[in-house]
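These notes are about the structure you will find just below.
Protein chains: 4
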Amino acid sequence: MSNSLGRRFKITLFGESHGRCVGVVVEGCPPGLEVREELIQAELDKRKPGGEAFSTPRLEEDKVEILSGVFNGRTTGAPICMVVWNRKQDSTPYEKLKWTPRPGHADYPAYVKYRGFHDYRGGGIFSARLMVGVVAAGALAKQILREKEIDVLAHVVEIGGIGIGRTPSIEEIREKTYKSALRCVDEEASLKMQHKIEEAKREGDSLGGIVECLALNLPAGLGDPLFNALDADLAHALFCIPAVKGVEFGAGFKAARMKGSENNDPYTVENGRIVTLTNNAGGVLGGMSTGMPLIVRVAFKPPSSIAKPQQTVNLKTMKPTEIKVEGKHDVCFVPRAVPIVEAMVACVLADHLLLGQL
Amino acid sequence: MSNSLGRRFKITLFGESHGRCVGVVVEGCPPGLEVREELIQAELDKRKPGGEAFSTPRLEEDKVEILSGVFNGRTTGAPICMVVWNRKQDSTPYEKLKWTPRPGHADYPAYVKYRGFHDYRGGGIFSARLMVGVVAAGALAKQILREKEIDVLAHVVEIGGIGIGRTPSIEEIREKTYKSALRCVDEEASLKMQHKIEEAKREGDSLGGIVECLALNLPAGLGDPLFNALDADLAHALFCIPAVKGVEFGAGFKAARMKGSENNDPYTVENGRIVTLTNNAGGVLGGMSTGMPLIVRVAFKPPSSIAKPQQTVNLKTMKPTEIKVEGKHDVCFVPRAVPIVEAMVACVLADHLLLGQL
Amino acid sequence: MSNSLGRRFKITLFGESHGRCVGVVVEGCPPGLEVREELIQAELDKRKPGGEAFSTPRLEEDKVEILSGVFNGRTTGAPICMVVWNRKQDSTPYEKLKWTPRPGHADYPAYVKYRGFHDYRGGGIFSARLMVGVVAAGALAKQILREKEIDVLAHVVEIGGIGIGRTPSIEEIREKTYKSALRCVDEEASLKMQHKIEEAKREGDSLGGIVECLALNLPAGLGDPLFNALDADLAHALFCIPAVKGVEFGAGFKAARMKGSENNDPYTVENGRIVTLTNNAGGVLGGMSTGMPLIVRVAFKPPSSIAKPQQTVNLKTMKPTEIKVEGKHDVCFVPRAVPIVEAMVACVLADHLLLGQL
Amino acid sequence: MSNSLGRRFKITLFGESHGRCVGVVVEGCPPGLEVREELIQAELDKRKPGGEAFSTPRLEEDKVEILSGVFNGRTTGAPICMVVWNRKQDSTPYEKLKWTPRPGHADYPAYVKYRGFHDYRGGGIFSARLMVGVVAAGALAKQILREKEIDVLAHVVEIGGIGIGRTPSIEEIREKTYKSALRCVDEEASLKMQHKIEEAKREGDSLGGIVECLALNLPAGLGDPLFNALDADLAHALFCIPAVKGVEFGAGFKAARMKGSENNDPYTVENGRIVTLTNNAGGVLGGMSTGMPLIVRVAFKPPSSIAKPQQTVNLKTMKPTEIKVEGKHDVCFVPRAVPIVEAMVACVLADHLLLGQL
């Protein structure tokens, strides 16, 4: 029904995978913010297919166009509409799939919900391509955060069961993530992931993984208890990314296995600032930021579109049948999800930051 | 800032742990729904401390009182305000803690956010006691769901690292959960959990765990893609429960380690209805319900209040100091969280159900 | 469905005329605000029936009780729940009216909407008594405004067609309004209004009128163009007061008869501040405050409950019938509406003020 | 901050008068609705300058383009983005006005609010041109209403103080409004209005007026008491149209001068349906529709841009100065406001209709 995120920094998405465009309307951006199309473009470029091995060989030239809200290179305070025009796509393969929902895809519930009227071409509104609008909005959010020296950094910590096996430094994440095709700072792990991806590709299969995101220099006290908890708002936004199946903060699911004495983060004073010695909380307590780095991890399932034959049902005949999803699809979506996770986190943080203290 | 949940079935919480009361205003309940105070009371009773071993020996007699919105035993369509009056509590121990934030608690960010004006007694608004309002609202939500034969069932699947180690049947969960003091259907595991809890108690420590929740008979197509995804709304609500650090649907974090061919749930037809052979999706795809059971797991960290000495900082002197959190506290909150998880899930589902199809 | 007003300073009403209580939950009140029950009480007392002649002789002792959100005499930042308990009311007269909707009342559409389940006693949720919650919330809003030296002043400018016939000074309004039983600063007009009211009372009839409200010292730039225009938000709030049929700003409907050269307010500089020589705009242009006094006028229809016989329909037999509305009813509600109008305006202004500049 | 209207049928505007485009994102349109660009275009054409005499001679060819949410000629249930590209406009005259706010315009509060960063060309976001998005959205809303046989009809009842002086029949309004250049069904009055407009034009002045809007065949029970009252939501939407200074329902401000016995609408039964003999309520009681025609009147001030010299202040020097607003401006905006009023009313009614009964 509603597809807006945020209360003060608010984004509204529109568009379809094989329609005219994908886009976003951003409301609540303060006036006077310098907006350079190339900065937004740079963020969009981060989610482009990065390497032949793990990703789709489609040619995507996602050029952002700003339609409103920017004047003389600065935000005016008015809603900012940004679009990326779609290139002509071949929608023929989707005609075949119209009556045979792909396992793991939104096809079947969408068919029920929209009574068959939805745009099924390329996944329509359910396509991860809609995240283009989120990334564009996130570029603005990041700029708002940057003015407060808040940084949002995501990176891949696991693909196909292969984890990075160590905690990289902030500097490492900042420097290496986008230099790596897999958005993974650990070269050894990257190599193994790469092999795993190639193997899955050969098998006509796909792989999932985990993206970790940090937000640095957050002030303490962002977010509210009860229903506008910072972690709750972040989780909400992150679960809106296609293929996300789990979200955890700090020690996350591991915290459920720790004792209170292990999990509680002791306080100390460092350079006149109250900090914690550990950060199992992941920077959020009682729905509010603690001032320590925010740490959130997001689990992505493997892409549903695989070349292997799968069992489905023909919606017209209501008989079981088999499908093979043709076309060029990502073997592993996780590296491309990194800038999306960053953008979602940035949007939520900008919203809370602009809402300000109570 | 805002503490409301939901758009059509909307709940607004108020109250404090050691204040006059805790309560809730429920808006959007359809008129004509039979409301029996004893049914709401029965839900509230489920979150009472159940056994000496794992929980606080405080006497709590949470009697719900309906202040508005019900006439001749039925909802009128007007807002329903329900309160539970607090018994006189001893707030003395909290005076000591005022300037020494407890590790793992909301104390420190609350102090920053509210500039020292928050009610720190018994955790104030940050106390899990606020969930009384959620459980009361959930009782109404469950009744709305029951009219569509939708059931919401939660149970404990892990405490202190001890898991139930098997997938219990729906019937088992329905029958056994609330007969078990630990809200765990597996007797063997329960016994081990019980020992673990007693051990933690002796050590002045605390334990976390995992609650699983199922929703049965949901129609396909509830929820929307983009920003009102059913899973995103559920995750948002669940992260608003104190101490939650992770949420996952279906295979969840495990899905990140599966191949597409393993994770995709094949479709088939059963009694003229389209179903999936597996349910790794946990009943939700593309932000919409699939018609299969909704499965969500919620990770709770161990309670922060422990008897063991912990390091903190005195906010006045800005010097490190040590505290021991006195008073009677839950060693393990997880069993008491079971009806809260059910209530949150029920509220979100009732909201989406009443919003109806597009 | 939703009964909340405001985005940042948000109020949620509950209660019924003859139910347990009427009340409000106020969210978004900044922490540290001094709250004195007697100040809130003083506002509530302003809407009490003031004189035998024009108002109901019912005994109302509306004592406000603060249930949450206030600690040590100050707001904590948590939701503030306030209730006024209802005295035992005689609901017998309403049984007769159950199937015969009173002309001009909400009875008939309520019967359709709520399918007969609504609480019809004393008007239930449709009663102006619900405005008690608004006035209580308004008392907090006024305090937020007072910190910025913003004043909200309403007064009666017309009753039963008798207008005050002159523009009183701000000082006069401030000093005299609440000293007048009719909340009208002009003594001569008051006298005529009083006679008109007595006449209507003798005839078993009722009278409407117009309330004017000013807000002083507003900064320029509050409110937004498009859909959060300050005037639009104010109009929305004011039309939520029972019996309001018209709202106009500045010259209002008269502006429709003016030429641009007459209506445009010329700018000048006064004490280094930009002001306008006239204020036909009523302090709002393009949805934003201009810094000049906000001026809004609210038209109230006469109370629907009159002793004269009226034609209605029996909902069971669907046959026309006649009713006389018995009981003690206000002949003219307008003087009692003055603090309600102030409260609504204060709530909207506090909301916009806390939202702050873009 | 937020520029969305509606909860279920939600519209978000963007664009600027002299920017790239004006547009709207419509959310909540049910899937399967037939969308013909020419129907939307027909609505847009109604707000085109209709006659040389009263309106701007600018050439406007507002061709709507649907960017998303429509597939195979039908709505998909996804957000519908529509844009109208702006023709190249001459923004030179606005450079002169940058530092001299035009009396009656949003210039000054906008300058304060946006700290000078707003797009001042052609009024930027404050321009009535933004209403193009409302009219486009209204075309969809009207179609939703038409399926329930609900009609929304607006017409001019007063310009420059000249009223139509009689109550035209519904049929007359339906037939004649858009055949009249002034959108006024009374030919005699139209002629006088026309002369008045020509006179104002000669004087370099402008005129305001009043638009009346009716909605027919509404079911009883739409809207809610308290804060989602139908009249309050309509008033909110209507005050968001530039230049609106007053809104009244049914007898409106006149009701304030009536006695209860005159104003109350007696009930009767007609063809088995409950109706009222009069309609002073304007079809709304207690915030809910009564099933009688909804009647709302909207007062427009005269356009602020006039050729006559006016006094203002130079924002840089803070000295009084004089301006003449050059360029081609509407002498009277009221006829062009007719389809905008219809569209706003249609959007609010569609929203309430889709929200459905409680």
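Residue numbers (this note's numbering), protein chains in the order written: chain A, 1 to 358; chain B, 359 to 716; chain C, 717 to 1074; chain D, 1075 to 1432. Glycine included, every Cβ here is placed at the ideal spot set by N, Cα and C. Note that the structure is predicted; figures quoted are calculated from it, not measured.
When you compare only the Cα positions, how much space is there between Gly77(A) and Pro624(B)?
-> Taking the CA atoms as reference points, Gly77(A) sits about 49 Å from Pro624(B).
Hey, Ala232(A) and Phe597(B) are a contact pair by Cβ (cut 8 Å); roughly how many whole angstroms apart?
-> That belief holds up - the Cβ atoms of Ala232(A) and Phe597(B) are roughly 4 Å apart, short of 8 Å.
Mind listing the chain D neighbours of Thr1006(C)? Cutoff is C-beta to C-beta under 7 Å, in chain order.
-> The answer, in chain order, is Tyr1182, Pro1183.
Limits of the beta strand (DSSP E) - the one that Phe1088(D) falls within = It spans 1084-1089 - the beta strand (DSSP E) in which Phe1088(D) sits, taken as one unbroken run.
From what residue to what residue does the beta strand (DSSP E) around Cys213(A) run?
-> It spans 209-216 - the beta strand (DSSP E) in which Cys213(A) sits, taken as one unbroken run.
Give the straight-line distance between the Cα atoms of Thr450(B) and Glu684(B), rounded to the nearest whole angstrom.
-> Cα to Cα, the separation comes out at about 10 Å.
Does DSSP put Tyr1021(D) in a helix, a strand or coil?
-> A question about residue 1021(D) goes unanswered here, because the residues of chain D that appear run from 1075 up to 1432.
Look at the alpha carbon of His352(A) and the alpha carbon of Phe9(A), and state the distance between them as a whole number of angstroms.
-> Phe9(A) has its alpha-carbon roughly 8 Å from the corresponding atom of His352(A).
C-beta neighbour in chain C for Arg1331(D), strict 7 Å | By this cut-off, Arg1331(D) is an interface position.
For Asn622(B), I'd like the list of residues in its chain whose CB is within less than 7 Å of its CB, leaving aside the five on either flank, ordered along the chain.
-> Same-chain partners within the cutoff: there are none.
Contact between the stretch 215-228 of chain A and the stretch 459-472 of chain B: three or more CB pairs below 8 Å?
-> Yes, the stretch 215-228 of chain A touches the stretch 459-472 of chain B.
Looking at C-beta atoms only, is the number of pairs between the stretch 1246-1253 of chain D and the stretch 1221-1234 of chain D that lie closer than 8 Å three or more?
-> The stretch 1246-1253 of chain D vs the stretch 1221-1234 of chain D: in contact.
When every heavy atom of the ligand ZN is checked, does at least one fall within less than 6 Å of the C-beta of Glu1249(D)?
-> The ligand content of the structure shown is nil, which means the ligand ZN is not present either.
Hey, is the stretch 541-557 of chain B in contact with the stretch 487-498 of chain B, meaning 3+ C-beta pairs nearer than 8 Å?
-> Touching, no, given that fewer than three Cβ pairs across the two stretches are closer than 8 Å.
Please go through the stretch 956-1014 of chain C and give each complete alpha helix (DSSP H) segment of 4 or more residues, from N-terminal end onward.
-> Segments of the alpha helix (DSSP H) lying fully in the stretch 956-1014 of chain C: 976-979.
In chain order, what residues of the same chain have a beta carbon less than 7 Å from the beta carbon of Arg302(B), not counting five sequence neighbours either side?
-> Outside the displayed range of chain B (359 to 716) lies residue 302(B), so it cannot be described from this structure.
Apply the 10 Å Cβ neighbour rule to Leu1423(D) and answer buried if 16 or more other Cβ atoms are within range, or exposed otherwise.
-> Buried, since its Cβ has 16 or more Cβ neighbours within 10 Å.
Starting from the C-beta of Met729(C), find all residues in its chain whose C-beta is less than 6 Å away, skip the five residues before and the five after it, and write them out in chain order.
-> Correcting the residue type first, residue 729(C) is Leu in the shown sequence and not Met. The answer, listed in chain order, is Asn719, Val740, Leu846, Gly849.
Specify the secondary structure class of Leu755(C) as computed by DSSP and reduced to three states.
-> Residue state, collapsed to three classes: helix.
Alpha carbon to alpha carbon, how far is Gly1197(D) from Gly989(C)? Give it in angstroms, no decimals.
-> The question names Gly, yet the displayed sequence has Arg at residue 989(C). Roughly 24 Å between the two C-alpha positions.
Under the three-state DSSP convention, the category Val1082(C) falls into | Only positions 717 to 1074 of chain C appear in the structure, and residue 1082(C) is not among them; the question remains open.
Using 10 angstroms around the beta-carbon of Met974(C), count the other beta-carbons present and answer buried if the total reaches 16, otherwise exposed.
-> Classification for Met974(C): buried.
Give a yes or no on contact between the stretch 1356-1375 of chain D and the stretch 998-1007 of chain C, applying the rule of three or more CB pairs nearer than 8 Å.
-> The answer is no - the stretch 998-1007 of chain C does not touch the stretch 1356-1375 of chain D, with fewer than three Cβ pairs under 8 Å.
Limits of the unbroken alpha helix (DSSP H) element including Pro1036(C) = Here Pro1036(C) belongs to no alpha helix (DSSP H); instead the beta strand (DSSP E) covers 1035-1039.
Using a Cβ cut-off of 7 Å (strictly closer), state whether Pro982(C) contacts chain D.
-> Yes, its Cβ sits closer than 7 Å to a Cβ of chain D.
Could you give the distance in angstroms between the alpha-carbon of His105(A) and the alpha-carbon of Lys406(B)?
-> Approximately 41 Å, taken between the alpha carbons.
Under a three-way DSSP split, which group does Asp432(B) fall into?
-> Reading off the sequence, residue 432(B) comes out as Arg, not Asp. Of the three classes helix, strand and coil, the one that applies to Arg432(B) here is strand, per DSSP.
Going by beta carbon distance, what residues of the same chain come within less than 8 Å of Val380(B), once the five residues before and after it are set aside?
-> Excluding positions up to five away in sequence, the list reads Leu371, Phe372, Gly373, Glu374, Val441, Val442, Asn444, Arg487, Leu488, Val490, Gly491.
State the CB to CB distance for the pair Gly364(B) and Cys571(B), rounded to an integer number of angstroms; the pair is presumed to be in contact (CB under 8 Å).
-> In this structure Gly364(B) does not touch Cys571(B) by the C-beta definition: roughly 17 Å separates them, more than the 8 Å allowed.
Are any of the Cβ atoms in chain A nearer than 7 Å to that of Tyr1168(D)?
-> Answer no: the Cβ-Cβ gap between Tyr1168(D) and chain A never drops below 7 Å.
Contacts of Asp867(C) in chain B (Cβ-Cβ under 9 Å) = Chain-order list of chain B residues neighbouring Asp867(C): empty, with the shortest C-beta distance near 26 Å, by a criterion of under 9 Å.
Whose CA, out of Asn987(C), Lys1032(C), Phe1016(C), lies closest to the CA of Val1057(C)?
-> With respect to the C-alpha of Val1057(C), the residue from Asn987(C), Lys1032(C), Phe1016(C) having the closest C-alpha is Phe1016(C).
Entirely enclosed alpha helix (DSSP H) segments - the stretch 814-885 of chain C, minimum 4 residues | Unbroken alpha helix (DSSP H) stretches of 4 residues or longer found wholly inside the stretch 814-885 of chain C: 823-829, 847-862, given in chain order.
Look at the Cβ atom of Val64(A), then the Cβ atom of Ala141(A), and state whether they are nearer than 7 Å.
-> Going by C-beta atoms, Val64(A) is not nearer than 7 Å to Ala141(A).
Taking C-beta to C-beta, are Ile517(B) and Gly567(B) nearer than 7 Å?
-> Yes, the Cβ-Cβ distance between Ile517(B) and Gly567(B) is below 7 Å.
Since Glu1322(D) contacts Arg1371(D) with CB under 8 Å, what's their CB separation in whole angstroms?
-> Under the criterion of beta carbons closer than 8 Å, Glu1322(D) and Arg1371(D) qualify as touching, at roughly 5 Å.
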